[in-house]
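Engineer: The structure follows.
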DNA sequence: CTGTTAGCGCGTTCAT
DNA sequence: ATGAACGCGCTAACAG
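Residue numbers (our numbering), protein chains in the order written: chain B, 1 to 322; chain A, 1001 to 1322.
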């Protein structure tokens, strides 16, 4: 910029004004400055220097606790991302996907991200990456959970929703099962009976399991007999494999519509009310991940925390009436 | 940082080393520095200042020419994004989605983005946002097209691929049709017969139309009689609506698997070999958007331009043998 | 192992 | 309408 100023025969400040407050500079001077810039290949103020001076980056950081693969494999995560991106675009903020998933540098990378606030995709209480966001003293909004001091949590009441759909899909059956998301960040695939929700690391998964258990108990089903098939990702194929390992089962509550597909044409419920749910007449929990994404961005950038949980509702379809 | 240095009774450089080269500082000093930082609520080096000093941001910019909605609605765009994100995560780069789609500030926002290089999602030659990326003199990689001086283009030979699949789906039929992506950034929905590919603004769409025309001509079909249904997005529902506006048709070449679904159970070809293509036995063009995303990121960050077009191949399935 | 010097490029402040 | 001085927070290079 100094060079441009010299070339145009003005002070650096005039160049700065030319870019930031064009009206404050006479048309002639501005033309001369722009010509000089063109000649020198100067493309405008340097973003980093500007951020430094300005004290803000105008970027929102998205932290995906684990490997990106899992996030982009989940269609609902993409919808959430779209919600974030929409608000960012409206407000002129960049959406920075922080590079994580490659080991113990993750926390450093989070700290080194040039952002004004973080949105964290559902993770566990002990995720070092989550701790890193908090240590920066920048606003942190967590989607789904965990809910930690100094952070805002946005999401639905998963336990209540799981109870509602559980009451529907488990009604009148005797040998129900659950298709679950991973319990912790190790993402192992296995089947366990009578799983204690309290031992689950992911709050979202924990709450949903607790809700299914609530429903089972209310219906007089002994939770300790209910097998839970844990899948690494929200993948129909994997769910199919897991289902084959289950004993005889007469109803399945699944934590996503994708997983639920594997149990068709049996008695089954899904989660999210995605396109496939409507297509296959799946009883499911409707929630708007897009709206939640937008809410996360708004909260992170705007400051005012939401006063209540996001809304959800049960959608009854044919898949739980057989 | 100066404050922390004073508090710890060391020079600022020692604080810097404490964070950047921990081994270079004695354990005792480091502990004192970290204690001082803790006391003062200092969370580590400021990313913007670091970028300024370092001369690089370690961010890759993704520019979606038009409104984000369209990009996230397209499942293939998401796969592309995953490819980008994977390389970014590996190399410790942030992936910054540049906020565009809200009008004429777009170009300024692109210029103001703190990134070391840009990847541009398919757009038109005259997109001002594309011009903005080029004006910054930072590396620009365009996916799909257009191919402009000073930028690198990554993608497949769409014309050749369209010709190949066209020869397959149009073979032996008399009244073929095309289901196309939008022709320009206005994204209008309509049907036109004998569309001249040269008038199409999106290079990818242009090339594919030209390829379908090549195939039609080689099969003795008069292109000027072939109706092209133009859809705003890659949406099955919209395609279904458009199809109802077409005259009697005995084969459909679609520019995506999603669009192709609307023409089932007729004679039809898709594009991308996504999961639905396999599911519905769709003849299609296989290409790896994920690999192309990775290639874009590698090229943008690494510098060396690829020497040839990405690979594709025709997958023949039942949808074109009836 | 630690300190000193210097400057990355910008924009706010105050002066002209 | 334009200019001069200063500092945002950091780190490379070199010195000790």
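Here a beta-carbon is modelled for each residue, glycine too, at the ideal position from N, C-alpha and C.
Here the structure is a predicted model, which is why all the values come from computation and not from measurement.
Between the beta-carbon of residue 96(B) and the beta-carbon of residue 1059(A), is there less than 8 Å?
Structural biologist: Yes, the pair counts as a contact, with Cβ atoms nearer than the cut-off.
Engineer: Based on DSSP bridge pairs, tell me the residues matched to residue 1229(A).
Structural biologist: Paired residues: 1179(A), 1191(A).
Engineer: From 1312(A), 1127(A), 1229(A), pick the residue whose C-alpha is nearest to that of residue 1272(A); which is it?
Structural biologist: Comparing Cα-Cα distances from residue 1272(A) to each of 1312(A), 1127(A), 1229(A), the minimum goes to 1312(A).
Engineer: So with Cβ pairs under 8 Å, would you call residue 1186(A) a contact of chain B?
Structural biologist: Chain B, which has no Cβ nearer than 8 Å to the Cβ of residue 1186(A), makes this no.
Engineer: Closest Cβ-Cβ distance between residue 998(A) and chain B: below 8 Å?
Structural biologist: This structure cannot settle anything about residue 998(A), because the visible part of chain A is limited to 1001 through 1322.
Engineer: Would you kindly work out how many angstroms separate the C-alpha atoms of residue 210(B) and residue 291(B), rounded to a whole number?
Structural biologist: Residue 210(B) and residue 291(B): Cα-Cα distance of roughly 25 Å.
Engineer: Contact defined as beta carbons within less than 8 Å: I believe residue 1219(A) pairs with residue 1171(A). What is the distance between those atoms, to the nearest angstrom?
Structural biologist: About 6 Å; that satisfies the 8 Å criterion.
Engineer: Can you list, in chain order, the residues of its chain with a C-beta nearer than 6 Å to that of residue 1074(A)? Leave out the 5 residues immediately preceding and following it.
Structural biologist: Contacts found: 1234.
Engineer: Going by the CB atoms, is the gap between residue 1066(A) and residue 92(B) shorter than 8 Å?
Structural biologist: Contact flag unset, no.
Engineer: Quick check: what's the CA-CA separation for residue 1236(A) versus residue 231(B)?
Structural biologist: Using only the alpha carbons, I get a separation of about 30 Å.
Engineer: Would residue 221(B) and residue 229(B) be called neighbours here (beta carbons separated by less than 8 Å)?
Structural biologist: Cβ distance not < 8 Å, so residue 221(B) and residue 229(B) don't count as in contact.
Engineer: Please check if any C-beta of chain B sits within less than 8 Å of the C-beta of residue 1103(A).
Structural biologist: Not closer than 8 Å to any Cβ of chain B, the Cβ of residue 1103(A) fails to qualify, so no.
Engineer: Find the residues of chain B that neighbour residue 1111(A), judging by a C-beta separation of less than 9 Å, and give them in chain order.
Structural biologist: In chain order: 43, 44, 45, 47.
Engineer: Are the C-beta atoms of residue 98(B) and some chain A residue less than 8 Å apart?
Structural biologist: At least one chain A Cβ lies under 8 Å of residue 98(B).
Engineer: Just curious, the alpha helix (DSSP H) that residue 70(B) is in, first and last residue?
Structural biologist: Here the alpha helix (DSSP H) through residue 70(B) covers 68 to 73.
Engineer: Between which two residues does the alpha helix (DSSP H) carrying residue 215(B) extend?
Structural biologist: Here the alpha helix (DSSP H) through residue 215(B) covers 203 to 218.
Engineer: If you pair each beta-carbon of the segment 103 to 122 of chain B with each one of the segment 238 to 258 of chain B, do three or more pairs fall below 8 Å?
Structural biologist: They do not touch, by the three-pair rule.
Engineer: Could you tell me which chain A residues have their CB closer than 9 Å to the CB of residue 136(B), listed as they occur along the chain?
Structural biologist: Ordered by position in chain A, the residues that pass the 9 Å Cβ test against residue 136(B) are 1043, 1044.
Engineer: Relative to the C-alpha of residue 123(B), which residue among 101(B), 117(B), 138(B) is closest?
Structural biologist: It is 101(B) whose Cα lies nearest to the Cα of residue 123(B).
Engineer: Check each candidate in 1044(A), 1295(A), 1070(A) and name the one with the smallest Cα separation from residue 1155(A).
Structural biologist: That would be 1295(A), whose Cα lies nearest to the Cα of residue 1155(A).
Engineer: For chain A, find out if any of its Cβ atoms is closer than 8 Å to the Cβ of residue 59(B); answer yes or no.
Structural biologist: Chain A contact via Cβ: present.
Engineer: What are the complete alpha helix (DSSP H) segments, minimum 4 residues, inside the segment 104 to 164 of chain B?
Structural biologist: You should have 106 to 112, 128 to 135.
Engineer: Taking Cβ-Cβ distances shorter than 9 Å, what residues in chain A pair up with residue 80(B)?
Structural biologist: By Cβ distance, chain A contributes nothing, its closest Cβ being about 10 Å from residue 80(B), past 9 Å.
Engineer: State the Cα-Cα distance for the pair residue 1050(A) and residue 52(B), rounded to the nearest angstrom.
Structural biologist: Their backbone Cα atoms lie some 9 Å apart in a straight line.
Engineer: Taking C-beta to C-beta, are residue 215(B) and residue 166(B) nearer than 8 Å?
Structural biologist: Yes, the Cβ-Cβ distance between residue 215(B) and residue 166(B) is below 8 Å.
Engineer: Looking only at C-alpha atoms, which of 261(B), 143(B), 138(B), 134(B) sits nearest to residue 121(B)?
Structural biologist: Minimum Cα distance to residue 121(B) is reached at 143(B).
Engineer: Taking 8 Å as the cut-off, decide whether the C-beta atoms of residue 261(B) and residue 317(B) are in contact.
Structural biologist: Not in contact: residue 261(B) and residue 317(B) (Cβ atoms no closer than 8 Å).
Engineer: For chain B, find out if any of its Cβ atoms is closer than 8 Å to the Cβ of residue 1066(A); answer yes or no.
Structural biologist: So, not an interface residue.
Engineer: Below 8 Å on C-beta distance, what does residue 1279(A) contact in chain B?
Structural biologist: Ordered by position in chain B, no residue passes the 8 Å Cβ test against residue 1279(A), which lies about 11 Å from the chain.
Engineer: Could I get the ranges of all uninterrupted alpha helix (DSSP H) runs contained in the segment 30 to 96 of chain B, with 4 residues as the minimum, in chain order?
Structural biologist: Fully enclosed alpha helix (DSSP H) runs of 4 or longer: 47 to 54, 68 to 73, 75 to 91.
Engineer: In chain B, what lies closer than 7 Å to residue 1051(A) by C-beta?
Structural biologist: Correct list: 48, 114.
Engineer: Between residue 302(B) and chain A, is the shortest Cβ-Cβ distance under 8 Å, so that the two count as touching?
Structural biologist: With 8 Å as the cut-off, residue 302(B) does not count as an interface residue toward chain A.
Engineer: Could you tell me which residues DSSP puts in a beta bridge with residue 283(B)?
Structural biologist: Answer is 269(B).
Engineer: Residues of chain A with CB under 9 Å from residue 93(B), in chain order?
Structural biologist: Within chain A, the residues near residue 93(B) are 1099.
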